[in-house]
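Contents: one structure, followed by commentary.
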Amino acid sequence: MAKIRNYLLVLLVLIIGVGASVIGFRQIVLLEEAEKQKNFVIAASDRMVAIERAIQSNLDSVLSIKSFFESNLIVQREQFRSFVSPLLKRNSALQALEWIPNVSAEERSSYESVAKSEGFKNFKFTERSGKGKLIKADTREDFFPVFYLEPMKGNESVFGFDLGSSVDRRIALEAARDSGRIVTSESIALVQNGRAGVLLFAPIYEPGWPIHSIELRRDNITGFALGAIDIQQMISAAFISHDKLATPDGIDFYIFDNDKIIDDPLIYLH
Numbered sequence: 000m001a002k003i004r005n006y007l008l009v010l011l012v013l014i015i016g017v018g019a020s021v022i023g024f025r026q027i028v029l030l031e032e033a034e035k036q037k038n039f040v041i042a043a044s045d046r047m048v049a050i051e052r053a054i055q056s057n058l059d060s061v062l063s064i065k066s067f068f069e070s071n072l073i074v075q076r077e078q079f080r081s082f083v084s085p086l087l088k089r090n091s092a093l094q095a096l097e098w099i100p101n102v103s104a105e106e107r108s109s110y111e112s113v114a115k116s117e118g119f120k121n122f123k124f125t126e127r128s129g130k131g132k133l134i135k136a137d138t139r140e141d142f143f144p145v146f147y148l149e150p151m152k153g154n155e156s157v158f159g160f161d162l163g164s165s166v167d168r169r170i171a172l173e174a175a176r177d178s179g180r181i182v183t184s185e186s187i188a189l190v191q192n193g194r195a196g197v198l199l200f201a202p203i204y205e206p207g208w209p210i211h212s213i214e215l216r217r218d219n220i221t222g223f224a225l226g227a228i229d230i231q232q233m234i235s236a237a238f239i240s241h242d243k244l245a246t247p248d249g250i251d252f253y254i255f256d257n258d259k260i261i262d263d264p265l266i267y268l269h
């Protein structure tokens, strides 16, 4: 009988020992998983903060152009170039910075003539045909052409493009005009390179004129400061500028265009 009790005691100790080992191992696994989860949350947060900073930098660039126009009654093309050049150097995500005037049908020929007199002999307002080809803009009540553009190199195709001819772009610029605030377009295919991008519209009104109602803002809009953002370049630049994010660290980062504006919905992979 004593032998049986001893055997049971040994067996009980063994069971308790194994159980404690299993519990201890499980606790270690749980702690490791918790640490991994914590590190993942931190890494994901770092990436989101980097992207948010990049977005804010783009917004600041466009708003500075708005302020520049509001503080100068007349801005010549060369003045625009000099002002935006430092902004472009600081922010590689900016595909282009632009001035988009509000042009009536009666003013169209005058604007086209001015651009030609400045050396752009083939300048004209353009739009996309049903087949996606850039053609001369049709006659309509008003136009919102890309009139000042920097850098010109690599963006020649967008020079003169009437943003009012594109439904997505017109929706964004009219929202900016009516609200008096900067507005971001939906994801679009950039005219310049066909890649996924967004446009930032900052409305500019006649200085000194009232704009406290939608009707007054519509009457007194002179144009828009615009930033064309290459989404892939923006995110890449944001990560490269952050030492901890410059190289992959076991975290895959994907951004998809759910609207499928472009053939490949994958916008960015890191």
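Counting from 1, position 176 in the sequence shown corresponds to residue 175 in numbering that gives the first Met the number 0; the numbering is continuous, with no gaps.
All residues carry an ideal CB built from backbone N, CA and C; glycine is no exception.
In this structure, the CA atom of K135 is about 15 Å from the CA atom of A114. Sequence-distant partners of L199 (beyond 5 residues in either direction) whose C-beta falls short of 7 Å from its own C-beta, in its chain, are N57, L58, V61, I181, T183, L225, G226 and I228. Measuring C-alpha to C-alpha distances from R127 to each of D218, Q191 and Y253 identifies Q191 as the nearest. Assigned with DSSP and collapsed to three states, S63 falls in helix. Secondary structure at D45: helix, using DSSP grouped into helix, strand and coil. Check the Cα spacing between S156 and each of V166, K123 and R168: the tightest is with K123.
Burial check for E77: the Cβ neighbour count within 10 Å stays below 16, so the residue is exposed. In the DSSP assignment, R127 falls within the beta strand (DSSP E) that extends over T125 to R127. DSSP places D161 in no alpha helix (DSSP H); its state is neither H nor E. Three or more Cβ pairs drawn from the segment 99 to 119 and the segment 138 to 145 lie within less than 8 Å of each other, which places the two stretches in contact. Here DSSP, grouped into helix, strand and coil, assigns P209 to coil. A residue is called buried when at least 16 other Cβ atoms come within 10 angstroms of its Cβ; V197 meets this threshold and is buried. When DSSP states are grouped into helix, strand and coil, P85 belongs to the helix group.
Annotation for V113: the continuous alpha helix (DSSP H) segment containing it runs R107 to S116. Nearest to L93 by alpha-carbon distance, out of S116, R80 and Q232, is Q232. Distance from P202 to I220 at the Cβ level is roughly 6 Å; contact confirmed, criterion being Cβ atoms closer than 8 Å. Boundaries of the beta strand (DSSP E) harbouring I134: L133 to K135, taken from the DSSP string.
The beta carbon of F68 sits closer than 6 Å to the beta carbons of V74 and I203 from its chain, once the five residues preceding and following it are set aside; these are given in chain order.
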